[in-house]
Amino acid sequence: MRNFAFYIFATLFIAWFLISCSGENDPNYEIRIPPVAISCHQASSVDCVSGSSGKIVYVGLLSDTTLDCETELLKARSNVFYLFFDFSGSAATNFSGELEAEIIDWRDTENQEAFYMKNTSYRACAFLDMDNDGELDPTETIGELTFSATDDQPTIIDWH
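Sequential numbering from 0 applies to the sequence shown in numbering that gives the first Met the number 0.
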């Protein structure tokens with residue numbers, strides 16, 4: 000009887016331990032890719048004005064947070080943007096006192112729809128495509144943000 004109680008206790012303890020050690024703290028645990036918001040005030044960039052409403056903003060997510068956004072964005076063109084980022088998306092901007100957009104649809108490096116990402120930190124790199132050519136030009140505005148995959152809605156507010 001004593002051994003039986005010990006085995007029950009040990010089994011329950013092991014089950015509890017395995018459950019508590021998995022999930023959100025595990026970098027291999029996949030969670031839903033959050034929507035990424037764009038918020039740009041005119042004070043941040045001359046491009047963040049009402050005349051920029053309707054322009055496309057391209058956003059790429061990198062799991063290597065040490066990479067430089069400008070360098071990575073300069074490599075990419077809109078038709079192959081997905082090749083340079085773990086996840087990528089785009090959206091049209093609108094203006095309501097500030098330039099805004101929300102990216103909710105994501106593509107992976109094979110240009111397939113993506114819904115889940117590993118639980119780690121990511122660097123969001125964005126640019127406002129002011130001349131509609133699908134690539135970053137030297138005069139176009141870049142936004143960047145480092146965030147955790149568990150953030151509800153990361154918002155890019157750092158523009159230069």
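By construction, the Cβ of each residue, glycine as well, lies at the ideal position given by its N, Cα and C atoms.
As the structure is a prediction and not an experimental result, all values here were calculated from the model.
A36 is a Cβ neighbour of E99, given a cutoff of 9 Å. Assigned with DSSP and collapsed to three states, N78 falls in helix. In the three-state DSSP reduction, L144 falls in the strand class (E or B).
Three or more pairs of CB atoms, one per stretch, sit closer than 8 Å, so the region 80 to 91 contacts the region 107 to 122. Per DSSP, the unbroken beta strand (DSSP E) holding D128 starts and ends at 120 to 128. The three-state secondary structure of E71, taken from DSSP, is helix. When the beta-carbon positions are compared, V58 and S38 stay at least 9 Å from each other.
Rounded to whole angstroms, the Cβ separation of Y121 and A148 is 6 Å, and the two are in contact under 8 Å. I55 and T119 have their alpha carbons spaced roughly 27 Å apart.
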